[in-house]
Structures are given as C-alpha cells and as structure tokens.
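Q: My structure is below; once you've seen it, I'll send some questions.
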Amino acid sequence: MPPWRKGREVKKQHGATGIDALPDGILEHILGLLPAEEAVRTCVLARRWRHLWKTAAALRIICTDGEFLGPMDKLREFMEHLLLGRGGAPVELCELRLGDLGNVLIDEDVVSRVDHWFRHAVGCNAQILRLLLCPGSYLQLNDSPVVSNHLTRLELCSVEVKGSFLNFSGCPNLEHLEFFSCELLSESTALISFQSLKHLSIMTCGLSLNMGLESRVRISAPNLVSLVMDECLGSTPIFESMSSLLEASIKMMDSGDQCELWDANYWDCSCESCDSYGNTPGGCNNGVLLQGLSKAKSLLLISEPTTYIFKRDMRWCPMFSNLKNLWLNDYWCVPDDFNMLACILEHSPILEKLTLQLFSEGPEHKVEFEGHLSPTERSTAISEYLNKIEVKCEAVDERIVKVLRFLHVL
Numbered sequence: 001m002p003p004w005r006k007g008r009e010v011k012k013q014h015g016a017t018g019i020d021a022l023p024d025g026i027l028e029h030i031l032g033l034l035p036a037e038e039a040v041r042t043c044v045l046a047r048r049w050r051h052l053w054k055t056a057a058a059l060r061i062i063c064t065d066g067e068f069l070g071p072m073d074k075l076r077e078f079m080e081h082l083l084l085g086r087g088g089a090p091v092e093l094c095e096l097r098l099g100d101l102g103n104v105l106i107d108e109d110v111v112s113r114v115d116h117w118f119r120h121a122v123g124c125n126a127q128i129l130r131l132l133l134c135p136g137s138y139l140q141l142n143d144s145p146v147v148s149n150h151l152t153r154l155e156l157c158s159v160e161v162k163g164s165f166l167n168f169s170g171c172p173n174l175e176h177l178e179f180f181s182c183e184l185l186s187e188s189t190a191l192i193s194f195q196s197l198k199h200l201s202i203m204t205c206g207l208s209l210n211m212g213l214e215s216r217v218r219i220s221a222p223n224l225v226s227l228v229m230d231e232c233l234g235s236t237p238i239f240e241s242m243s244s245l246l247e248a249s250i251k252m253m254d255s256g257d258q259c260e261l262w263d264a265n266y267w268d269c270s271c272e273s274c275d276s277y278g279n280t281p282g283g284c285n286n287g288v289l290l291q292g293l294s295k296a297k298s299l300l301l302i303s304e305p306t307t308y309i310f311k312r313d314m315r316w317c318p319m320f321s322n323l324k325n326l327w328l329n330d331y332w333c334v335p336d337d338f339n340m341l342a343c344i345l346e347h348s349p350i351l352e353k354l355t356l357q358l359f360s361e362g363p364e365h366k367v368e369f370e371g372h373l374s375p376t377e378r379s380t381a382i383s384e385y386l387n388k389i390e391v392k393c394e395a396v397d398e399r400i401v402k403v404l405r406f407l408h409v410l
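In full-length UniProt numbering, the protein residues as written are 1 to 410.
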C-alpha cells in the first residue's frame, strides 16, 4: 500500500456496523474496484460517503457501447466534473477504456481531451496506467516524454506515439510496458532505451524511424526479463544484448521483411532483400533478432515462410548457452536438408525440451504427440539433455515423417 494511503487506514466510524465499520482506506480501495461513475454514485449513501469517491484508490473510466458513459457527450461532461472533484488526489491505478468495435472514438472534442486525461493520471502518481482505445482509432498522443517516479506499468492500445514520448528515462521504476495495435515512430537517429523495463510486449504494431518504413529501430533493454513481439509491421527492430532475458515469444507474421523471391530456397537465397541490411543504423554482421535473444532460457520463434529475418540471422548464429525450452514452427524445417533446424539445435548445448508446431497455425491442433530421440542414432552435436520432442500438427503426413526421421525420433 502506498505511504500516502497508510494513514487513512485508522479512520473509521465508531459504533458503525457492516461496511460502514471499515476504515476509509479500505472503502477507498473498494470504490477503486468499481467503474468511476458507480463510485461517484455512492456519494448519496450517507454523509460519510459524500466525498470518499474523490480519493478512491483507482479510476476506471469505461466508455463502450451499452455502458453508462457510452455517449461521448456524457463522457466529456462526466470527466470534467470527475477531475475537478478529485483535484490532484493520488491514484494507484487509472484505466481509460474508450470505444469498441461498435463505437469507434471519433468525437473530436473527446479526442482532443484524451491526452489531457492521460497526463492528469500521470500527475496523480498512478502506478498502473492503461489507455485502451478501440483498434483502428489511432489517437496521436503528445510527443512530450512521460515523467513519473511512481509509474510501474503502462499499457497502450490504438494510439500513435512518436519522438520523445518513447523516451522513458523519466520513469525510473517502469517495469512493464505493453503496446497493442499502436503506431510507434522513433526519431531518425534515436536508440529507444528502456533501461528499467523487465517486461515488454509489442503486438500488432507499426514500428519505424522517421527515415522511412524500411529503416530499423534499435532497442536497448538490458534488464528485460520477458519479451513478446507479435506481428510487428514494417521493418523488424534490432534488439541489443539482453543479458537478463528469461523468455521471449517472437512471431514474425505480416512483417515488412519479406523475401523478394517467394519460392526461394530459404537458406541459400541471395536476393537483395535477404542479403542486405536495409537502412540499419550501425548495422553489422550480428543480425537483427537472434543475437539479442541469445541469453534467454525459453524461446518461441515462429515465422511465415517468406519472412527472411531468422534465415538471415542464422548465417551468424549465436550460441544459446542458457536455452532449455525451444518452440519452433515449420519455417525452421524447410528445405528438406533441415539446415536451419540443425543449426539452432547445434547452438543450444543445454536444450531440454523442443516443441515443433508443424503446418498448423493453432492455437488448437488436431494432433499432438511426444517422441523420444534415439539414443544410438541421434547427432552428437545435439544437446545430450534433449530426450523428448513434442509435435503439434494437423495430421501426420510425409512432411512430418521427414522431420521425425531427420531428428531420429522414435
């Protein structure tokens, strides 16, 4: 519990019973679990409740179809009175959930105020801050940096942020950052630095430099423990070394890094897109993704066939010296010589578990089974700790059999 709220625990009504016997601090926590408009309505219950909503532990603003604050004009009026009534009272959590599939945020008056509401929550020392807009809204936030010693978790959905906003050096305690369906535009020569982050999620986002969509953003997050990157549109960012990384889930779908030759041999293709480094600031022969992920203990690496990032990175394959769990899809099992699969296994000396998602998109799979590597025929280059392989597929056809034969799975 924050220090500023501890002192409120002892204040309670003498002789009261039921919920009224609880200290103010507990009631403020309970009010914080309610949508903001319901918390405000409690002011009519009794004299003691008249002002409790003003210091509720959390603010949950929900403006979606069918909710009390659904009409935009009602939301606008409510927020003006809410913020005025609360003043600068501290808040532990603030959630702004605006719009849904049937109610896209297009009201110009509301749009112009959202950034103010967001900054107000930062100024109220929010520890957890969520700004979740309907996918497709793409509200552009002011590019001034977020500055808070209290913020530990930030979640953004369907917003456009650029420039200095991506500089979180003013948030030394920020550990959890999520971007979903956002547009992230970095400065032309900037390195995006997340020094305090431990958990980073970038899903269905466009990430680019001002130099253009083909340029690569560099990301430094040396204290990152977990990373999720799913459907990163445009050019894949370059991750610098993450020595604290424990797990990462990377899904290269709908990427801008597509091979020019759709029917190419993935390992040997030498088309311009596969062999060039793009406009990579400070690019070198360390690849784009795998070098930064090389300290992880658990990796999920999934790609569609024509995306070349993993294939290119494997030409300078790092040693995955801590890797124990690995999940791959069929991208790693073509062509039939299984060069990429063999290479990553040979560079994972303590691997214990391998999961192969073959020719099945998931998350549900019609066929799932486990097999064991032959103790006599297995390659000596593969980890001695890897004894069991899990396979997920639609059917056990000739393609699956080829993979199992190559690995000498019984």
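Glycine included, every Cβ here is placed at the ideal spot set by N, Cα and C.
Just curious, the alpha helix (DSSP H) that V122 is in, first and last residue?
A: For the purposes of this step, residue 122 is taken as residue 122 along the sequence shown, with counting starting at 1. That run of the alpha helix (DSSP H) goes E108 to G123.
Q: Is the CB-CB distance between E108 and L131 below 9 Å?
A: Along the sequence shown, read from residue 1 onward, the residue named residue 108 stands at position 108. Along the sequence shown, read from residue 1 onward, the residue named residue 131 stands at position 131. For E108 and L131, no; Cβs fall outside 9 Å.
Q: So what's S164 in DSSP terms, helix, strand or just coil?
A: Within the sequence shown, numbered from 1, the residue matching residue 164 stands at position 164. Helix, per DSSP.
Q: Spatial neighbours of E390 within its chain, please: CB distance less than 6 Å, with the 5 preceding and 5 following residues excluded, ordered by chain position.
A: Reading the sequence shown from its first residue, position 390 is the one you call residue 390. Cβ within range, chain order: T355 and E370.
Q: Keeping to the same chain, check which residues put their C-beta closer than 6 Å to that of T55; ignore five residues upstream and five downstream.
A: Translated into the one-based positions of the sequence shown, residue 55 becomes position 55. Within the same chain, T55 has close Cβ partners E28 and A89.
Q: Distance, Cα to Cα, A248 vs S298?
A: Along the sequence shown, one-based indexing puts residue 248 at 248. Along the sequence shown, one-based indexing puts residue 298 at 298. Cα to Cα, A248 sits roughly 6 Å from S298.
Q: Give me the DSSP bridge partner(s) of D230.
A: As a working mapping, residue 230 is identified with position 230 in the sequence shown. Its beta-bridge partners are M203 and K251.
Q: Give me the residue from V334, L200 and R47 with the minimum Cα distance to S226.
A: Against the sequence shown, residue 226 aligns to sequence position 226. Nearest of V334, L200 and R47 to S226, Cα basis: L200.
Q: So, helix, strand or coil for P58, using DSSP?
A: Walking along the sequence shown from the start, residue 58 turns up at place 58. Before going on, a small fix: residue 58 reads as Ala here, not Pro. Strand.
Q: Can you list, in chain order, the residues of its chain whose CB lies under 6 Å from that of L407, leaving out five sequence neighbours each side?
A: Within the sequence shown, the letter at position 407 stands for residue 407. Once the five neighbours on either side are set aside, L407 has no close Cβ partner at all.
Q: In the DSSP assignment, what are the bridge partners of V159?
A: Stepping through the sequence shown from its first residue, residue 159 is reached at position 159. BP columns for V159 point to L139.
Q: Within 9 Å of any Cβ in chain C, is that where the Cβ of N325 sits?
A: The structure shown has no chain C; it contains just one protein chain.
Q: Going by C-alpha to C-alpha distance, which of S360, K311, I382 and K198 sits closest to E346?
A: Looking up residue 346 in the sequence shown gives position 346. Considering only alpha carbons, the answer is I382.
Q: Check for me: the beta strand (DSSP E) holding H29 runs from which residue to which?
A: To locate residue 29, count along the sequence shown from 1; it is residue 29. From DSSP, H29 is part of no beta strand (DSSP E) but of the alpha helix (DSSP H) over D24 to L31.
Q: Run through DSSP, which three-state label would T376 get?
A: Here residue 376 refers to the residue found at position 376 of the sequence shown. Here T376 sits in coil by DSSP.
Q: So, using beta-carbon positions, are E160 and L174 closer together than 9 Å?
A: Start at 1 with the first residue of the sequence shown, and residue 160 comes out as number 160. Start at 1 with the first residue of the sequence shown, and residue 174 comes out as number 174. Not in contact: E160 and L174 (Cβ atoms no closer than 9 Å).
Q: Report the three-state DSSP secondary structure of R153 (helix, strand or coil).
A: Numbered from its first residue, the sequence shown carries residue 153 at position 153. Strand at R153.
Q: When you compare only the Cα positions, how much space is there between V217 and M252?
A: Here residue 217 refers to the residue found at position 217 when the sequence shown is read from its first residue. Here residue 252 refers to the residue found at position 252 when the sequence shown is read from its first residue. Cα to Cα, the separation comes out at about 16 Å.
Q: Could you check whether E95 and R47 sit closer than 9 Å to each other, using their CB atoms as the reference points?
A: On the sequence shown, position 47 is the one that residue 47 refers to. On the sequence shown, position 95 is the one that residue 95 refers to. Contact flag unset, no.
Q: In angstroms with no decimal places, state the Cα-to-Cα distance between L351 and G163.
A: Numbered from 1 along the sequence shown, position 351 holds the residue referred to as residue 351. Numbered from 1 along the sequence shown, position 163 holds the residue referred to as residue 163. Using only the alpha carbons, I get a separation of about 40 Å.
Q: Just reading off the beta strand (DSSP E) that K388 is part of, what are its end residues?
A: By 1-based counting over the sequence shown, the position of residue 388 is 388. That run of the beta strand (DSSP E) goes K388 to C393.
Q: Rounded to whole angstroms, what is the Cα-Cα separation between K324 and L290?
A: Position 324 of the sequence shown, counted from the first residue, corresponds to residue 324. Position 290 of the sequence shown, counted from the first residue, corresponds to residue 290. Approximately 16 Å between the Cα atoms of the pair.
Q: Is the beta carbon of C171 sitting closer than 9 Å to the one on L151?
A: By one-based count along the sequence shown, residue 171 stands at place 171. By one-based count along the sequence shown, residue 151 stands at place 151. Going by C-beta atoms, C171 is nearer than 9 Å to L151.
Q: Considering just the uninterrupted stretch of the alpha helix (DSSP H) at C343, what are its terminal residues?
A: For this step, residue 343 is matched to residue 343 along the sequence shown. N339 to E346 is the extent of the alpha helix (DSSP H) around C343.
Q: What does R76 pair with, by DSSP beta-bridge criteria?
A: As a working note, residue 76 is residue 76 in the sequence shown. None, per the DSSP bridge assignment.
Q: Just how far apart, CA to CA, sit W316 and M79?
A: Walking along the sequence shown from the start, residue 316 turns up at place 316. Walking along the sequence shown from the start, residue 79 turns up at place 79. Cα to Cα, the separation comes out at about 54 Å.
Q: Could you spell out where the beta strand (DSSP E) holding I128 opens and where it closes?
A: For this step, residue 128 is matched to residue 128 along the sequence shown. I128 to L133 is the span of the beta strand (DSSP E), which, as asked, contains I128.
Q: So the alpha helix (DSSP H) I400 belongs to, where does it begin and stop?
A: In the sequence shown, the residue the question calls residue 400 occupies position 400. It spans E398 to L407 - the alpha helix (DSSP H) in which I400 sits, taken as one unbroken run.
Q: Taking the beta strand (DSSP E) that I192 falls in, what are its first and last residues?
A: Taking the first residue of the sequence shown as position 1, residue 192 is located at position 192. First-last of the beta strand (DSSP E) with I192: L191 to S193.
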